[in-house]
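Numbering (the working numbering), first residue to last: 8 to 466.
Backbone N, C-alpha and C define an ideal beta-carbon position, used for all residues, glycine too.
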């Protein structure tokens, strides 16, 4: 664990002390090195907790998410080069340090064995994201977006802190390995029902559940590209991961909790998909689509069966890469046309033909076409849900249909059609952008060859 954490922390002095000319090169290559070293966590293991130190351990659920968070740092640095080129060098350094501080916090959050450490890291990732959104966002509305993000997360996670302290006084320990051995403390009484609701609520807001998702489109639209990638690919996964970790403590889940959250998540997947069909803003369309995907993850991880857990795990990883790639593509058109409105950025295929290829690939993975892990995940989740109750097939089926339709709508409006008259000339797409897309799409296409690496199942 430390062989990744210490180099990541040493990225901070690298960003602050690198000579101006080689700042981007140094930080990108260094973080790519860390990402390649972290790939060894994906090796299958028979031990439930390997690399066990006092406070961190890696098992099948956390290792794919850890590798994903290491993998996305170089991509975020690559993506933000263009919009930072006119900033003074000091600001560039501060930006890169803000990005790199998120990574150790995320690594600790995903691998913590102790609930208190997990809570602290869960909350600490909020601070750099807030700085990114409120300082480097592109419009004055970024302040209200930051306030939404802050208060939604804080109000939902204070009850979580209270519950964790209550568990500590009753059990005497907060180590996850010990908690699995002790009897489930939260019974079916009324107070314990409230406590288990408090346990789940913080992660439901983070994941976001439909109805608690209002901060997400705001934050995504106002954030700079690195902030969007960070939110979509990693911070939403904290919610799903927390649900998967802590539902073990609430055993069995009270049916009141069970049914309400499942219904909300599936209904939300349906509703947000239909909201996507009416969006005019490209970034908020992608943000709403990630709400609908995470709805499936929430529904699956509440079911607590083997199939649904592995489906949720695969969907979290593949959605992280897909939505991050879509945000990069949206950003590359935004940097050229300075507009996120779908009507003003249509018909770009004849101008940027290779970019249109990336658009096609990203959209096909988003709507879960066969050779991708997204399809495998959605099928696993739908089978698990159908096995639980046959009626869910109506909701999940309609949601899939709507997902396909809004994805194709997004592809057709941005790439096909008549070029608007105000676009006379565009910059060519750069090698950096193509490299960024390649680094997003190759893991997605390669993972289907060996999906058990990310399925969260002990082999």
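Worksheet item: Apart from the five residues on each side of it in sequence, which residues of its chain come closer than 8 Å, Cβ to Cβ, to residue 27?
Response: 96
Worksheet item: Once you ignore the five residues that flank residue 342 on each side, which residues in its own chain have a CB closer than 6 Å to its CB?
Response: 89
Worksheet item: What did DSSP end up calling residue 313 once you bin it into helix, strand or coil?
Response: helix
Discussion item. Which same chain residues end up closer than 7 Å to residue 282 when comparing Cβ atoms and leaving out the 5 residues on each side of it in sequence?
Written reply: 295
Worksheet item: In the DSSP assignment, what residue or residues form a beta bridge with residue 405?
Response: Paired residues: none, contrary to the question.
Worksheet item: Can you name the residues that DSSP bridges to residue 119?
Response: 63
Worksheet item: Smallest Cα separation from residue 104: which of 155, 35, 280?
Response: 35
Worksheet entry | Whether residue 434 touches residue 355 by CB criterion (7 Å) | no
Item to complete: Identify which residue in 174, 164, 221 has its Cα closest to the Cα of residue 155.
Response: 221
Worksheet item: Going along the chain, which residues of its own chain have a beta-carbon closer than 8 Å to the beta-carbon of residue 86, five neighbours each way excluded?
Response: 232, 233, 236, 335, 338, 443
Worksheet item: With distances taken from CA atoms, which of 463, 153, 416, 174 is nearest residue 349?
Response: 416
Item to complete: Within its chain, find whatever has a CB closer than 6 Å to the CB of residue 358; leave out the 5 residues flanking it on each side and keep chain order.
Response: 433
Worksheet item: Whole-angstrom Cβ separation of residue 297 and residue 243, contact assumed at under 8 Å?
Response: 6 Å
Worksheet item: With a Cβ-Cβ cutoff of 7 Å, do residue 304 and residue 323 count as a contact?
Response: yes
Practice prompt. Kindly identify the DSSP beta-bridge partner or partners of residue 182.
Written response: 121
Item to complete: Counting only the same chain and skipping the five closest in sequence on each side, list residues whose C-beta sits under 6 Å from that of residue 264.
Response: none
Discussion item. Between which two residues does the alpha helix (DSSP H) holding residue 28 run?
Written reply: Premise fails: residue 28 is in no alpha helix (DSSP H) and is neither H nor E.
Worksheet item: Any idea if residue 47 is buried or exposed, counting beta-carbon neighbours within 10 angstroms, 16 or more meaning buried?
Response: exposed
Worksheet entry | Given residue 190 as reference, the closest of 366, 259, 128 once Cα atoms are compared | 259
Discussion item. So residue 224 and residue 291 are supposed to be a Cβ contact under 8 Å. How far apart are they, rounded?
Written reply: 5 Å
Practice prompt. Output the residue ranges of the alpha helix (DSSP H) runs that lie fully inside the segment 138-193 and measure 4 residues or longer, sorted by chain position.
Written response: 149-178, 183-188
Worksheet item: residue 288 bridges to which residues according to DSSP?
Response: 348
Fill in: Boundaries (first-last residue) of the alpha helix (DSSP H) holding residue 2
Lying before the first or after the last residue shown, residue 2 is absent from the chain, which here runs from 8 to 466.
Worksheet item: So, do the segment 107-121 and the segment 195-212 have three or more beta carbon pairs nearer to each other than 8 Å?
Response: no
Worksheet item: On the three-state DSSP scale, how would you describe residue 426?
Response: coil
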